[in-house]
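In what follows, a single structure is set out as structure tokens and then discussed.
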Amino acid sequence: MVSRILMLTLFAVSTSIGFTDQAQAGGGKLGKYSVLVYSVDDWQADRDQYKDSDIAQFLQEPSIQKIGERLAAGIGALVAVGLEDDPEAKQKLESFWEHLSSMSDQMTGEFVFGLGYQMDPSMGMPMPDLVIDFHGPAEFGATHKNFLSMLKEVLEERGQPTPMRTFSIGDIEFTGIEQMPGVGIFVGQFEDHHVIGTNKMSLEQYLAEGGTAVGDRFDSTRIFQLAQTHLRRGSIRLYFNLDALWNLIPMLDMFAGGGGPPEPGFDGEDGDTFADAFKPSKIIDAIGLETISGIASRGYYTEDGIGADAIVGIEGRKGILGIIPAANSDISIPGFVPEGIASFSLMRLELSKLFDIIVSIGAVITEQDPEEMAAEMEAGLEEVKLQTGVDVMELVDSIEGSICSYTPPVDASTSAFNPMAAMMGGPSTPPVVICAKLRDRGPWEKLMESLAGPEMMGPAIEQQEFLGRNVWSFDPLGDVPPEFAGQGSSVIPAWTMDGDWLIFSTSVDDVKAALRLLDDEDGEAFGSDKRTAAMMAKIKSTQGWSISMTHMGQNLSQVADMFRPLVGMLPLMIPDIASNEELLFLFDPENIPESALLNKYFGWVASRYSIVEGGIKGYTFQERVTEAMDSDEKKDPEPRGSQL
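Quick note: the sequence shown uses the working numbering, first residue 787, plus one each step.
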């Protein structure tokens, strides 16, 4: 039972991260103020495809099963605290979890889940709105009514009113506990069709046929219509409707304003003045969040992996969103990115608008004139220029906007990053390379000269020539006498410029490796390998807003290696944890999967995001690794994800 519950939970999580869209017969019929909508066209068909996936096979590994059983037993013991003397209540709890597990096995056809609110027409207040619609054995109806009776008993024991309510909507008969007029928990059934809800008005709207529904449905929302236009593939859908949350902003303002007499605020302002300046509506409007209508995604299974298309609804480029370009551009991978990396990303930003964005947001929040704020900021930047010789605005304006980063290859013999060792003076972070494309190298060359001057960092900056380029490195202990420097700096950042790219790394060796690759002296460029080339082809990677490639196995291994020693050390470092025996099961290092398993079952994930009408569209593809691991084309080099 434990393993089935674990599989159900992980399945819901894994599918909800990126697989979704709309259906008139399902999510589209929910209420306009549904915040989270999840639906599956054919539960059993998608469940069968999931069973054949990498994640499903990973969860069947004996060691993973043991982790699940250990965690389930520990959590079950926590939940059962206080039930030792009430075996009947404990049995009811167990039967509830067993029913959830059996639902996953026996549900058929379409599944719809909606969570949000419904505006009460009499009070003008939001009322909770949950709808679950699915098909399954008719016997489920009796089970649901039995659980309803259990809930009634619990509420009555607590002295809460539990008036029962029955009603019909079409062929479906509902029974429920009504705690407020039309609001409670209602379970309905007609043959193998089951519906559970918390709001009678919402259920009537959802189940109404044709044009008989009263009020706007979810298919009238901006994010639903965007998904209908841009998302074509897949049968599992998820919507996050932010417009429904923005609709509650006036209420947030009311609650934030509070009540009672004003209290002294900052700078002599009374409380009302301060509260007005920092109203949620003002902050949200200044940042531009209200222009984001929501997020929708839709996923699909193929023989060689899992794909997902997504759309983020954005109207205009208000506030911080002004940093996102209005059109697509070239996102080809630079030639200095090598094969063998664990992750890579490239994104283009409108950095030339950064100053104006900061001014506009700051002016709204502080209620200051934008021109005055801009003048103050310019004066401050001019003061920095006079004192240091560094023109910050000139540096920002010289950046074209394309920002690239990757984790460089690591020798398989290198020890895994250990956070405990880092605390004792070892390497503080795994290596990383960050690059920026430049419009003009001049300001950066002047910066290098300024930094290396005696009035700035002096001896801490070292300049050397390598393959015809200048390479700079910064040693924090460069001007410290050897007798006081110990073993030296654990991290020595370095940077160089090649063509129109500024290349920065936490290691001078990685900077030199990038230059050797550019000169064809060593290594292969990313995409030279058939496997990575095939993944990039899946997402058509030459034009767009951003692109990324991540080897999930290597990155998960890195995280596992970081947390494994920490988890074991926490009870020793925090006495309160060590003294609570009921929680110790959470801090067993064996709860973290072996790195070898993570590398075995998780491969490359590629993503591309493009600017489209109405927002940003994303394409993601995760390769399947379990079937073809024996082939040369799919075989990885020696596992080194755990060595990062």
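Every residue gets a Cβ at the ideal spot worked out from N, C-alpha and C, and that includes glycine.
Please read these numbers as outputs of a predicted model, since none were measured by experiment.
Does Ile955 have its Cβ less than 8 Å from a Cβ in chain B?
Within the model displayed, chain B is absent; a lone protein chain is all it includes.
Would Asn1114 and Ser1396 qualify as a contact pair, given that the criterion is a beta-carbon distance under 8 Å?
yes
When the Cα atoms are used, what is the spatial distance from Leu1253 to Leu845?
Rounded to the nearest angstrom, the two C-alpha atoms are 49 Å apart.
Between the Cα of Thr1193 and the Cα atoms of Gly1175, Glu1169, Cys1221, Lys1171, which residue gives the shortest distance?
Cys1221
For the alpha helix (DSSP H) containing Arg1302, name the first residue and the last one.
1294-1304
Exposed or buried, what is Thr1015 when buried is set at 16 or more other beta-carbons lying within 10 Å of its beta-carbon?
exposed
Return the chain-ordered list of same chain residues with a C-beta closer than 6 Å to the C-beta of Ile1333, the five sequence neighbours on each side being excluded.
Hits under 6 Å: Ile1117, Leu1132, Ser1327, Arg1394.
Give a yes or no on contact between the stretch 912-920 and the stretch 838-853, applying the rule of three or more CB pairs nearer than 8 Å.
no
If Phe1371 and Leu1356 are in contact, beta carbons under 8 Å, what's the gap, nearest whole angstrom?
Wrong, their Cβ atoms sit about 13 Å apart, outside the cutoff.
Tell me Glu1251's beta-bridge partners as DSSP assigns them.
Asn1256
Do you know offhand how far Ile1106's Cα is from Asp891's?
45 Å
Residues in the same chain with beta-carbon distance under 7 Å from Val1182, minus the five sequence neighbours each way, listed in chain order, please.
So the qualifying residues of the chain are Leu1137, Leu1140.
Ends of the alpha helix (DSSP H) at Gly814?
Gly814 -> no alpha helix (DSSP H), and no H or E assigned at all.
Who pairs with Ala1392 in a beta bridge, going by DSSP?
Met1335, Phe1407
Counting pairs of beta carbons, one from the stretch 1097-1105 and one from the stretch 1151-1170, are three or more of them closer than 8 Å?
The answer is no - the stretch 1151-1170 does not touch the stretch 1097-1105, with fewer than three Cβ pairs under 8 Å.
Whole beta strand (DSSP E) runs in the stretch 1059-1142 with 3 or more residues, listed along the chain?
1078-1088, 1091-1100, 1129-1134
What is the DSSP secondary structure of Asp919, counted as helix, strand or coil?
strand
Give me whichever residues DSSP pairs with Trp1281 in a beta bridge.
Trp1258, Phe1290
In this structure, does DSSP put Ala875 in helix, strand or coil?
helix
Compute the Euclidean distance between the alpha carbons of Gln946 and Lys931, then round it to the nearest angstrom.
19 Å
Just the Cα atoms here: how many angstroms apart are Phe897 and Trp829?
One Cα belongs to Phe897, the other to Trp829, and the distance between them is close to 6 Å.
Using 10 angstroms around the beta-carbon of Val1219, count the other beta-carbons present and answer buried if the total reaches 16, otherwise exposed.
buried
Just verifying my parser: in three-state terms, what is the DSSP assignment at Tyr1387?
helix
What residue range does the beta strand (DSSP E) around Asn1027 cover?
1022-1027
Rounded to whole angstroms, what is the Cα-Cα separation between Leu1288 and Leu1224?
7 Å
Out of curiosity, what's the CA-to-CA distance linking Gly1099 and Val821?
14 Å
Which of helix, strand or coil does DSSP assign to Pro1432?
There is no way to answer for residue 1432, as the model of the chain reaches only from 787 to 1430.
Between the alpha carbons of Glu769 and Ala1082, how many angstroms are there, rounded?
For residue 769 there is no data in the structure shown, the boundaries of the chain being 787 and 1430.
Who are the Cβ neighbours of Thr1412 in its own chain at under 6 Å, not counting the five residues just before and after it?
Asp840, Gln843
Can you tell me whether Ile963 is buried or exposed? The criterion is at least 16 other CB atoms within 10 Å of its CB, across all chains shown.
If you draw a 10 Å sphere on the C-beta of Ile963, you find 16 or more other C-beta atoms in it, and that means buried.
For Ser1446, which of helix, strand or coil comes out of DSSP?
No statement about residue 1446 is possible, as the shown extent of the chain runs from 787 to 1430 and does not include it.
How would you write the range of the alpha helix (DSSP H) that Leu845 sits in, first residue to last?
For Leu845, the uninterrupted alpha helix (DSSP H) segment begins and ends at 840-845.
Determine the DSSP secondary structure at Pro1361, reduced to helix, strand or coil.
helix
Considering just the uninterrupted stretch of the beta strand (DSSP E) at Asn1366, what are its terminal residues?
No beta strand (DSSP E) holds Asn1366; DSSP gives it neither H nor E.
Quick check: Lys815 and Tyr1087, are their CB atoms within less than 8 Å of each other?
Contact flag unset, no.
Quick check: the stretch 971-989 against the stretch 899-919, are at least 3 beta-carbon pairs closer than 8 Å?
yes
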